[in-house]
Amino acid sequence: MAVLRHDAVLHPGSYKLKTAAEDFSVVPPFEIRSGAEQRVPFLFNSPHSGRHYPDRFLAMARLDRNAIRRSEDCYVEELFGGAVPLGAPLLTANFPRAYLDVNREPWELDPRMFAEPVPSFCNIRSARVAGGLGTVPKLVGEGLDIYPGRLPLAEAVGRIEAVYKPYHETLKRLLTRTHARFGYAVLIDCHSMPASIRVGDNGVRPDFIIGDRFGISASPALTEMAISLLVGMGYTVAHNKPYAGGFITEHYGRPARHLHALQIEVNRGLYMDERTFQKSAGFDTLARDLTRFSADLMSMPDHHFVDLPLAAE
């Protein structure tokens, strides 16, 4: 077997990387939604709301078209879409989370999933891999296996090369451009969570969970404002538990460098039927509230993002 390196330079013919690329030859794997001009130093990101399930992928899977959607952050890009007319770009995935999870390290792979040994540089021991939720997920929903057997390692390599890397290159470029123009950049990473989630000793169902990697990824003022705005609208909000933010929040949040990243989890019970995947009567109200929330968050004064004490990273 060809030796894989971090840049995935492969011997000619070793793997057919075109297969993953062809999955999105008609529908692009992701897209940037933006107005004519970016007017604010905020960028919104929806990495788990993709709903294009390639036929080739479905043919590999043991799950039907409904069961395989159980990890999908349904309609999140629509809920936060009101930020775009306000001057903030929105990067949104069309590929589904069950196919590829860009909120993971690039090579966070479970060796039990593949017919060949994974490269030595892969992170095979993370808690996410142990839970079946690596870069190429093993499971969806509450423990449902996606595949009936092992995959060729080439399948993971192809998805990472054709989709994962371009997605992160695009996200990094948007953040770099925003930082250069405004002097700082704020990434709002948008997700949804099952309605069954409970927190605290009393088992309270949160409407939202705000994650800042336990204070590491964003200005405290940004976190406090996000929580305050949502509570002021009558929502129940938790902080960092059980979701403190994934790879994206951790990797891009560098407050000392004026790069802030905040994860927002929305309870799906607020806006959809998780069994049928249909929007509920609360969808439009929630979308309006999130547009108002985004506008108020983006009106925060600059000093909350740039006048920060220096900290070691």
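Going by the numbering used here, the sequence shown opens with residue 40, and the numbers climb by one from there. A virtual CB, placed ideally from N, CA and C, is assigned to each residue, including glycine. Please read these numbers as outputs of a predicted model, since none were measured by experiment.
Residue environment, residue i, which counts as buried when at least 16 other CB atoms sit within 10 Å
| i | result |
| --- | --- |
| S235 | exposed |
| K280 | exposed |
| Q317 | exposed |
| L43 | For L43, the pLDDT reaches just 35, beneath the cut-off of 50, and the residue's location in the model is therefore unreliable, although a value from the coordinates is still provided. Buried. |
| A351 | With a pLDDT of 38 at A351, under the threshold of 50, the modelled position of that residue is not reliable, and the figure given next carries that caveat. When all chains shown are included, A351 counts as exposed. |
| G177 | With the sequence shown as reference, residue 177 is identified as Lys, and Gly is not the correct amino acid for it. The residue in question, K177, is buried, as its Cβ has 16 or more Cβ neighbours within 10 Å. |
| G273 | exposed |
| E208 | exposed |
| V270 | exposed |
| A295 | exposed |
| F69 | buried |
| H45 | Any reading at H45 is ruled out, since the residue's pLDDT is 37, under 50, leaving its predicted position unreliable. |
| T324 | exposed |
| S159 | exposed |
| H50 | Residue placement at H50 is flagged as unreliable, the pLDDT there being 36, under the threshold of 50; the coordinate-derived value follows with that caveat. With fewer than 16 Cβ atoms within 10 Å of its Cβ, H50 is classed as exposed. |
| V243 | exposed |
| D341 | exposed |
| A320 | exposed |
| T315 | exposed |
| R307 | buried |
| P93 | buried |
| G292 | buried |
C-beta atoms of residue i and residue j nearer than 7 angstroms
| i | j | result |
| --- | --- | --- |
| R95 | D62 | yes |
| V66 | N133 | yes |
| I227 | F344 | no |
| R252 | A283 | yes |
| A354 | L298 | Past the boundaries of the shown model lies residue 354; the chain is included only from 40 to 352, so the question cannot be answered. |
| G180 | P135 | no |
| A257 | L214 | no |
| V168 | A195 | no |
| H230 | D112 | yes |
| G121 | T330 | yes |
| V123 | P86 | no |
| I248 | A277 | yes |
| E147 | G173 | yes |
| E144 | L192 | no |
| L118 | A326 | yes |
| T275 | D246 | yes |
| I107 | A98 | no |
| R212 | A59 | no |
| E116 | M232 | no |
| E73 | P128 | Residue identity check: residue 73 is Ser in the sequence provided, not Glu. Result yes, Cβ atoms of S73 and P128 sit closer than 7 angstroms. |
Residues that residue i bridges to, as DSSP identifies them
| i | result |
| --- | --- |
| D184 | L178 |
| E70 | T131 |
| Q317 | D312 |
| F81 | V225 |
| L190 | F153 |
> Between the segment 334-342 and the segment 249-265, do at least 3 Cβ pairs fall closer than 8 angstroms?
Replying inline: yes
>> As an exercise, report each continuous beta strand (DSSP E) stretch of at least 3 residues that is fully enclosed by the segment 130-166, in chain order.
In response: none
> Which residue spans inside the segment 215-255 form an unbroken alpha helix (DSSP H) run of at least 4?
Replying inline: none
> Taking contact to mean at least 3 C-beta pairs separated by less than 8 angstroms, is the segment 148-167 in contact with the segment 72-92?
Replying inline: no
>> Would you call the segment 307-316 in contact with the segment 181-195, where contact means no fewer than 3 C-beta pairs closer than 8 angstroms?
In response: no
> At what residue ranges does the segment 275-314 contain a whole run of the beta strand (DSSP E), taking only runs of 3 or more?
Replying inline: 276-278, 298-306
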